[in-house]
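Read the structure below first, then the notes.
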Amino acid sequence: MAQPLDDAALDTIFRTARTYNGYTDAPVTQADIRDIYGLLKMGPTSANNQAARFVWLTTPEARERLAALSSSTNADKIRKAPAAVIIGMDLAFNEQLPWLFPHAPTAKDWFPTEESRYTTAFRNSSLQGAYLLIAARALGFDTGPMSGFDNAKVDEAFFADQPNVKSNFISTLGHGDPSTIFDRLPRPEFEQFNRVL
Numbered sequence: 001m002a003q004p005l006d007d008a009a010l011d012t013i014f015r016t017a018r019t020y021n022g023y024t025d026a027p028v029t030q031a032d033i034r035d036i037y038g039l040l041k042m043g044p045t046s047a048n049n050q051a052a053r054f055v056w057l058t059t060p061e062a063r064e065r066l067a068a069l070s071s072s073t074n075a076d077k078i079r080k081a082p083a084a085v086i087i088g089m090d091l092a093f094n095e096q097l098p099w100l101f102p103h104a105p106t107a108k109d110w111f112p113t114e115e116s117r118y119t120t121a122f123r124n125s126s127l128q129g130a131y132l133l134i135a136a137r138a139l140g141f142d143t144g145p146m147s148g149f150d151n152a153k154v155d156e157a158f159f160a161d162q163p164n165v166k167s168n169f170i171s172t173l174g175h176g177d178p179s180t181i182f183d184r185l186p187r188p189e190f191e192q193f194n195r196v197l
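Quick note: the sequence shown, position 46, residue 46 per full-length UniProt numbering, numbers continuous.
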């Protein structure tokens with residue numbers, strides 16, 4: 001049975017965690033990336049479809065390619081971050097279900113239309129992107145998730161060899177510089193956006 005995390009852990013993951021617009025010079029290593037992925041892949045997805053595909057950008061050249069396809073504000077953040085990641089979605093994720101969901105041999109056929117595959121891939125890659133943010137925070141990193149880029153051009157630049165993979169959103173990654181965050185924005189009270197029936 002799961003045990004509640006202590007307040008320090010909850011602060012790290014949620015309550016005091018922030019979206020960073022800039023980072024220190026501390027690097028993000030390949031070992032760090034593997035550790036983040038090792039956690040995020042454990043988060044639940046529909047029929048364990050693991051629809052997300054990740055491109056981790058750790059070199060200035062790779063980040064520049066992404067920055068050039070992003071809005072001017074986001075481009076500057078990407079260039080200055082020690083790492084960035086493209087969270088993509090595989091629209092042919094169901095081809096992997098025979099080994100990812102082996103106890104249902106027909107699971108591959110549960111998604112017969114392009115629309116059903118898109119909806120499922122988008123939903124689950126978004127979940128996995130959120131797991132990435134939480135995993136990174138849990139391991140002592142900070143993130144800056146964002147839209148504000150040309151999806152079609154990013155797909156062409158980074159997924160040309162995988163035509164079934166499309167970009168969902170992107171994030172910077174590193175050790176945040178506290179001087180780059182805004183004041184905490186409003187968060188609604190429970191009664192404003194919730195109902196219990």
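Glycine included, C-beta positions come from ideal geometry on N, C-alpha and C.
Note that this is a predicted model, so its numbers are computed, not measured.
Element boundaries [alpha helix (DSSP H), containing residue i]
| i | result |
| --- | --- |
| residue 224 | Nothing can be reported for residue 224, as the shown portion of the chain is limited to 1 through 197. |
| Trp99 | Leu97 to Leu100 |
| Ile36 | Gln30 to Leu40 |
| Ala9 | Asp7 to Leu10 |
| Ile78 | Ser72 to Lys80 |
| Pro60 | Pro60 to Ala67 |
| residue 215 | The requested residue 215 does not occur in the structure, where the chain is confined to residues 1 to 197. |
| Glu191 | Phe190 to Phe193 |
Pair within 7 Å by beta-carbon distance, residue i and residue j
| i | j | result |
| --- | --- | --- |
| Ile36 | Ala160 | no |
| Leu91 | Ala121 | yes |
| Thr58 | Ala83 | yes |
| Asp50 | Leu100 | In the sequence as presented, Asp is not what sits at residue 50; that position holds Gln. Yes; because the gap between Cβ atoms is below 7 Å, this pair is in contact. |
Cβ separation of residue i and residue j, assumed to be a contact under 8 Å, to the nearest whole Å
| i | j | result |
| --- | --- | --- |
| Val28 | Val55 | The pair is not a contact, with the Cβ atoms about 14 Å apart (cut-off 8 Å). |
| Leu69 | Lys153 | 5 Å |
| Arg117 | Asn151 | With a Cβ gap of about 17 Å, Arg117 and Asn151 do not count as contacting. |
| Tyr23 | Ala81 | 5 Å |
| Arg79 | Glu64 | 7 Å |
Endpoints, beta strand (DSSP E) assigned at residue i
| i | result |
| --- | --- |
| Arg53 | Ala52 to Leu57 |
| Ser167 | Val165 to Gly174 |
| Ala84 | Ala83 to Asp90 |
| Asp142 | Asp142 to Met146 |
Rounded separation between residue i and residue j - CA only
| i | j | result |
| --- | --- | --- |
| Arg15 | Ala130 | 15 Å |
| Phe149 | Gln192 | 32 Å |
| Ser46 | Ala52 | 12 Å |
| Gly140 | Leu5 | 16 Å |
| Thr180 | His103 | 48 Å |
| Ala31 | Asp155 | 26 Å |
| Gln3 | Pro44 | 18 Å |
| Thr12 | Leu133 | 11 Å |
| Ile33 | Arg195 | 38 Å |
| Asn124 | Pro178 | 31 Å |
| Thr113 | Thr119 | 10 Å |
| Asp25 | Ser71 | 23 Å |
Residue i CB to nearest heavy atom of the ligand SAH below 6 Å
| i | result |
| --- | --- |
| Glu61 | As presented, the structure is devoid of all ligands, the ligand SAH included, so that no description of it is given. |
Item to check | Cβ pair count under 8 Å reaching 3, the segment 140-157 against the segment 169-178 | outcome: By the Cβ rule, the segment 140-157 counts as touching the segment 169-178, because three or more pairs are nearer than 8 Å.
Item to check | Validate contact between the segment 155-169 and the segment 6-23 using beta carbons, cut 8 Å, 3 pairs | outcome: Because the criterion of three Cβ pairs below 8 Å is not met, the segment 155-169 and the segment 6-23 do not touch.
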